[in-house]
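Mapping to my numbering: the sequence shown position 8 is 8, numbers consecutive.
Glycine included, every Cβ here is placed at the ideal spot set by N, Cα and C.
Have a look at the structure below before the remarks.
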Amino acid sequence: MTRPTNEALIMIDIQNDFCSGGALAVERGEEIVPLVNQLQNEFAVKVLTQDWHPQDHKSFADNHEGKQPYEMTEMPYGPQVLWPSHCVQGTNGAAFHKDLKNDSADLIVRKGFRPYIDSYSAFFENDHTTPTGLCGYLRERGVDTLHMVGLATDFCVRFSAVDAAKQGFNVIVHLDACRAIDLNGSLKEAMDEMQSHGVTFADEMVA
Ligand code: VGL
Ligand code: ZN
1 MTRPTNEALI
11 MIDIQNDFCS
21 GGALAVERGE
31 EIVPLVNQLQ
41 NEFAVKVLTQ
51 DWHPQDHKSF
61 ADNHEGKQPY
71 EMTEMPYGPQ
81 VLWPSHCVQG
91 TNGAAFHKDL
101 KNDSADLIVR
111 KGFRPYIDSY
121 SAFFENDHTT
131 PTGLCGYLRE
141 RGVDTLHMVG
151 LATDFCVRFS
161 AVDAAKQGFN
171 VIVHLDACRA
181 IDLNGSLKEA
191 MDEMQSHGVT
201 FADEMVA
């Protein structure tokens with residue numbers, strides 16, 4: 001443990017469905033696993049998030065007549081990408097990547113379990129008001145600095161980082177330990193948005 005206890009490692013959605021061969025595969029998603037495992041050795045406070053949808057989840061194109069994956073729809077809270085069905089509760093696709101060390105995590109936050117609302121962020125669902133409880137957990141433990149890694153850079157990592165910064169946490173996204181979906185320019189948009197909220201970036205591969 002080389003980090004003080006006010007710093008936490010937040011590992012976002014490192015699940016089979018976001019890795020090669022998965023239902024919503026992020027290109028080279030599984031490549032981050034060794035680096036994430038290495039980073040875990042540095043932190044006393046470690047949190048995993050797990051995308052965890054019921055089969056009838058409204059973010060799935062399959063649950064919208066005539067819609068294809070990656071088309072848009074309108075939800076009561078705004079525009080929403082329709083995804084291939086993924087991370088269905090209890091399936092192998094929703095399980096953590098088999099090489100991800102998860103025995104020493106303090107907390108697993110599940111999100112996206114309400115059928116009518118998606119949840120990219122580890123802090124708030126996509127209505128930006130329904131909390132997951134993670135903010136209170138971290139504050140109660142005296143954490144003020146968050147190091148984020150995981151999948152995907154431009155969706156769940158992005159929304160988690162921006163929400164955390166808005167809540168007053170210092171946020172560092174470790175880009176080498178993230179991979180992106182990059183849908184219609186979403187990676188650039190994500191980088192710009194994170195930066196404009198004061199999120200900083202670390203890149204361990206670059207000496
Ligand atoms: C994610 C799309 C849908 C993610 C989750 O983890 O980035 N993206 N559900
Ligand atoms: Zn999802």
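- Note on the segment 110 to 195: whole alpha helix (DSSP H) runs with a minimum of 4 residues are 134 to 140, 158 to 166, in chain order.
- With fewer than 16 neighbouring CB atoms inside 10 Å of its own CB, Gln68 falls in the exposed class.
- Between the ligand VGL and the CB of Cys19, the shortest heavy atom gap is not smaller than 7 Å.
- Distance check between Thr49 and each of Asp127, Leu187, Gln167, His97 places His97 closest, using alpha-carbon atoms only.
- Phe169 sits close to Thr145, with the two beta carbons spaced by under 8 Å.
- Annotated three-state conformation of Ala44 is coil, per DSSP.
- Here the alpha carbon of Ile14 sits roughly 12 Å from the alpha carbon of Arg110.
- In the assembly as shown, Ile32 is a buried residue. Its beta-carbon has 16 or more other beta-carbons within 10 Å.
- Measuring C-alpha to C-alpha distances from Leu151 to each of Ile10, Leu107, Asn126 identifies Ile10 as the nearest.
- Under the three-state reduction of DSSP output, Gly21 falls in the coil class, being neither helix nor strand.
- Closest by C-alpha distance to Asn92, out of Gly185, His53, Phe60, Pro79, is His53.
- When the five nearest sequence neighbours on each side are left out, the beta carbons in the same chain lying within less than 7 Å of the beta carbon of Arg141 are those of Val45, in order along the chain.
- A direct Cα-to-Cα measurement between Pro115 and Leu187 gives close to 27 Å.
- Take Val162, set aside five residues on each side of it, and the residues of its chain with a beta-carbon closer than 8 Å to its own are Ser121, Glu193, Met194, His197, Val199, in chain order.
- Rounded to the nearest angstrom, the gap between the Cα atoms of Glu30 and Thr132 is 26 Å.
- With 16 or more neighbouring CB atoms inside 10 Å of its own CB, Gly22 falls in the buried class.
- Residue environment: Ile108 is assigned as exposed (fewer than 16 neighbouring CB atoms within 10 Å of its CB, all protein chains considered).
- For Val81, the enclosing beta strand (DSSP E) starts and ends at 78 to 81.
- If you ignore the 5 residues before and after Ala25, its C-beta comes within less than 8 Å of the C-beta of Asp17, Phe18, Cys19, all in its own chain and listed in chain order.
- Between Ala94 and Phe43, the gap from beta carbon to beta carbon reaches 8 Å or more.
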